[in-house]
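A short write-up of the structure that comes next.
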Amino acid sequence: MALFNFSRLIAKYSRSFTVLVKSEGYYDDKGDYVDGSLTEIKLSGAIIGYAESKIQRSEGTLSAMDKALHTLTPLDNALLGCTVVFKGSEYRIESQKGESNSDFTNVYSYTLKYVSAFNEGGGKND
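In this text, residue positions in the sequence shown follow the numbering used here: the first is 555, and each later residue adds one.
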């Protein structure tokens, strides 16, 4: 049972984002390597920046460009390490934070490590 229900708060600040999942490549019958395909998955969650004080206390594990992802349903483990595209920037989904906290909050939290900005103009939300 949740101690506090954060679902309304997460739903209020949730935005859609795209997860890029690349399948593994393989060798065909002739021995030639065939690249894996890229699949786009649309998901929804609250993506927010970390407070400056949290970044300073992280001992270098977080940067100012990293974000936190909060969802109401857990992500499939296969998505860990995949790329998230949000507002013109790319992030890598890191491990789930505080796995046991989801029992009390009904929220699943992940770290999004900044990878690059392919649209520096701050393009529209995907």
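For glycine and all other residues, C-beta sits at the position ideal for the given N, C-alpha and C.
Residue i and residue j: beta carbons closer than 8 Å?
i: E648; j: Y664; result: yes
i: T627; j: K596; result: no
i: I601; j: R646; result: no
i: L666; j: K621; result: yes
i: K576; j: L592; result: yes
i: G599; j: T625; result: yes
i: L629; j: Y662; result: yes
i: E594; j: L574; result: yes
What are the boundary residues of the alpha helix (DSSP H) that residue i is part of?
i: S656; result: S656 to T659
Please determine, among the options, the residue with the shortest C-alpha to C-alpha distance to residue i.
i: L623; options: S612, L616 and Q650; result: Q650
i: R562; options: Q610, N660, V669 and V639; result: N660
i: S617; options: V588, G603 and K641; result: G603
i: T637; options: E578, E606, S670 and A605; result: S670
With DSSP collapsed to three states, give me the class of residue i.
i: E578; result: coil
i: K651; result: strand
i: L634; result: coil
i: A565; result: helix
i: F560; result: coil
i: L629; result: coil
i: S591; result: coil
i: K551; result: The shown model of the chain, from 555 to 680, leaves out residue 551, and the question about it has no answer.
i: G677; result: Since pLDDT at G677 reaches only 42, below the 50 mark, its modelled position is unreliable, and the value read off the structure follows with that caveat. Correct three-state label for G677: coil.
What first and last residue would you give for the beta strand (DSSP E) that runs through residue i?
i: S607; result: Careful: S607 lies outside any beta strand (DSSP E), inside the alpha helix (DSSP H) at E606 to R611.
i: T615; result: Segment: none, T615 is in no beta strand (DSSP E) and carries neither H nor E.
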